[in-house]
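Each position in the sequence shown, counted from 1, maps to that position plus 4 in the numbering used here. What follows is a single structure, written as structure tokens, with notes after it.
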Amino acid sequence: DRSGGADLQHVVCFDEYQEASYIIDQIPQDIITILETLGNNKHSGYIVGGAIRDLLMGIIPKEFDIASSATSNQIESLFNNTIPVGKAFGTIIVTINQTSTEITTFRKESNYTDARHPETVIFTNTISDDLHRRDFTINAMAANPLTDEFIDIFNGIEHLNKGIISCVGEPKTRFQEDTLRAFRCFRFASQLNFQIEEKTLNALSILSKINKGSCPFPLLFTPVTPWNLLLFTLEKIPNGLLILVVIVIII
Numbered sequence: 005d006r007s008g009g010a011d012l013q014h015v016v017c018f019d020e021y022q023e024a025s026y027i028i029d030q031i032p033q034d035i036i037t038i039l040e041t042l043g044n045n046k047h048s049g050y051i052v053g054g055a056i057r058d059l060l061m062g063i064i065p066k067e068f069d070i071a072s073s074a075t076s077n078q079i080e081s082l083f084n085n086t087i088p089v090g091k092a093f094g095t096i097i098v099t100i101n102q103t104s105t106e107i108t109t110f111r112k113e114s115n116y117t118d119a120r121h122p123e124t125v126i127f128t129n130t131i132s133d134d135l136h137r138r139d140f141t142i143n144a145m146a147a148n149p150l151t152d153e154f155i156d157i158f159n160g161i162e163h164l165n166k167g168i169i170s171c172v173g174e175p176k177t178r179f180q181e182d183t184l185r186a187f188r189c190f191r192f193a194s195q196l197n198f199q200i201e202e203k204t205l206n207a208l209s210i211l212s213k214i215n216k217g218s219c220p221f222p223l224l225f226t227p228v229t230p231w232n233l234l235l236f237t238l239e240k241i242p243n244g245l246l247i248l249v250v251i252v253i254i255i
């Protein structure tokens, strides 16, 4: 199914956006080659996540991620140079001309028993399912310039234009599923100079009180373990927030 199974009311022509020509010019040929290969073999494929967000903001992405209807086995059969880095979760790294790109099968996730990783992963044929599992609306857009599709189910462009961070779906549920999303929320707000949407901020505040009593820092409801702190650092949190966490741990 090359359509990706998206709700048609959320699919618009790529060239309807003023930034379309700039966006297309910034997509590397290796990424276009991957999308062409998927399409020529009757699989849908979309650039997703941070790359779309950055392109819309006029920033050249450091990396591109692709979501596809193709299974991990099909991806491995279509490309010569692959690494099964997260095959159990549907992710295969494909390298073309020194450029490595993660391609992940459309999926749904549930039962985050450790507040970090999903216990259940269900592969699907629809990009809509895949976008519903993402953290923030500005990261939940998908595009394929070859098929002239731009998918924005959660008003990500509107939120980019307004400069706000808003969760996909129910904020409290999103943060309880994966506690590192709280770190990402503050990181995006700091790096992009965005405001955290009221419902999202309220969820952080409520969860901080549940987990840390009267702790005035919503960020700190996340369990502080060596692993989470390492991931936190790797997420490139602004130094000020990292110092704040370290100070609180010491205290």
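Ideal placement from N, C-alpha and C gives every residue a C-beta, glycine not left out. Remember, predicted model here, so these are calculated numbers, not experimental data.
Measuring CA to CA, which of the options is closest to residue i?
{"i": "aspartate 256", "options": "Ala186, Gly173 and Glu153", "result": "Examination of residue 256 is not possible in this model, given that the chain is present from 5 through 255 alone."}
{"i": "alanine 207", "options": "Ser73, Gly160 and Arg178", "result": "Arg178"}
{"i": "lysine 203", "options": "Leu184, Ala92, Cys171 and Thr183", "result": "Cys171"}
{"i": "threonine 151", "options": "Ser48, Gln195 and Gln33", "result": "Ser48"}
{"i": "glutamine 30", "options": "Arg185, Pro65, Asn159 and Ile200", "result": "Pro65"}
{"i": "isoleucine 56", "options": "Leu42, Ser73, Ile35 and Asn45", "result": "Ile35"}
{"i": "methionine 61", "options": "Glu162, Thr99, Ser73 and Glu80", "result": "Glu162"}
{"i": "serine 114", "options": "Gln195, Lys91 and Gln180", "result": "Gln180"}
{"i": "arginine 145", "options": "Leu211, Asn85, Val52 and Pro32", "result": "For the sequence presented, residue 145 should be read as methionine rather than arginine. Checked all of Leu211, Asn85, Val52 and Pro32; the closest Cα to methionine 145 is Val52."}
{"i": "glutamate 67", "options": "Asn85, Ile87 and Thr105", "result": "Thr105"}
{"i": "phenylalanine 140", "options": "Gln78, Ala71, Ser72 and Ala193", "result": "Ala193"}
Taking the continuous alpha helix (DSSP H) assigned at residue i, which residues delimit it?
{"i": "phenylalanine 93", "result": "Neither: phenylalanine 93 is in no alpha helix (DSSP H) and is coded neither H nor E."}
{"i": "isoleucine 56", "result": "54-60"}
{"i": "glutamate 162", "result": "160-166"}
{"i": "isoleucine 35", "result": "33-44"}
Rounded to whole angstroms, what's the CA-CA distance from residue i to residue j? Just pull it up for me.
{"i": "serine 76", "j": "isoleucine 142", "result": "26 Å"}
{"i": "proline 175", "j": "leucine 135", "result": "15 Å"}
{"i": "phenylalanine 83", "j": "proline 149", "result": "21 Å"}
{"i": "aspartate 58", "j": "valine 89", "result": "25 Å"}
{"i": "aspartate 182", "j": "isoleucine 28", "result": "33 Å"}
{"i": "isoleucine 155", "j": "leucine 164", "result": "15 Å"}
{"i": "glycine 217", "j": "tyrosine 50", "result": "Reliability of the predicted coordinates at glycine 217 is poor, the pLDDT of 45 falling under 50, and no value is obtained from them."}
{"i": "arginine 138", "j": "glutamate 123", "result": "16 Å"}
{"i": "glutamate 153", "j": "aspartate 69", "result": "16 Å"}
{"i": "lysine 112", "j": "isoleucine 131", "result": "10 Å"}
{"i": "valine 125", "j": "phenylalanine 93", "result": "7 Å"}
{"i": "serine 209", "j": "lysine 166", "result": "22 Å"}
{"i": "glutamine 102", "j": "isoleucine 38", "result": "14 Å"}
{"i": "lysine 46", "j": "glycine 54", "result": "25 Å"}
{"i": "threonine 229", "j": "asparagine 44", "result": "For threonine 229, the predicted structure reports a pLDDT of 46, less than 50, and the residue's modelled location is therefore unreliable. A value from the coordinates is still provided. Spanning the two alpha carbons is a distance of roughly 46 Å."}
{"i": "glutamate 40", "j": "alanine 74", "result": "13 Å"}
{"i": "isoleucine 96", "j": "asparagine 159", "result": "29 Å"}
{"i": "leucine 184", "j": "glutamine 199", "result": "19 Å"}
{"i": "isoleucine 169", "j": "alanine 147", "result": "20 Å"}
{"i": "isoleucine 261", "j": "leucine 196", "result": "Residue 261 lies beyond the range of the chain shown here (5 to 255); nothing can be said about it."}
{"i": "threonine 99", "j": "phenylalanine 190", "result": "32 Å"}
{"i": "isoleucine 79", "j": "isoleucine 107", "result": "8 Å"}
{"i": "leucine 42", "j": "serine 72", "result": "8 Å"}
{"i": "asparagine 129", "j": "isoleucine 157", "result": "17 Å"}
{"i": "serine 81", "j": "phenylalanine 127", "result": "18 Å"}
{"i": "alanine 186", "j": "glutamate 201", "result": "13 Å"}
{"i": "asparagine 232", "j": "leucine 211", "result": "Low confidence applies here, because asparagine 232 scores a pLDDT of 48, under 50, leaving its location unreliable and the question unanswered by this model."}
{"i": "leucine 205", "j": "asparagine 85", "result": "43 Å"}
{"i": "glutamine 33", "j": "isoleucine 87", "result": "20 Å"}
Tell me where the beta strand (DSSP E) around residue i begins and ends.
{"i": "asparagine 148", "result": "146-148"}
{"i": "lysine 112", "result": "111-114"}
{"i": "phenylalanine 179", "result": "Careful: phenylalanine 179 lies outside any beta strand (DSSP E), inside the alpha helix (DSSP H) at 175-181."}
Kindly identify the DSSP beta-bridge partner or partners of residue i.
{"i": "glutamate 123", "result": "Looking at the DSSP assignment, glutamate 123 forms no beta bridge with any residue, so it has no partner."}
{"i": "cysteine 189", "result": "Answer by DSSP bridge pairing: none, since cysteine 189 is not bridged."}
{"i": "threonine 108", "result": "Ala71 and Thr95"}
{"i": "threonine 103", "result": "Ile100"}
{"i": "isoleucine 131", "result": "According to DSSP, isoleucine 131 bridges with nothing at all."}
{"i": "phenylalanine 83", "result": "Per DSSP, none; premise fails for phenylalanine 83."}
{"i": "glutamine 199", "result": "Ile168"}
{"i": "isoleucine 51", "result": "Ile70 and Ala147"}
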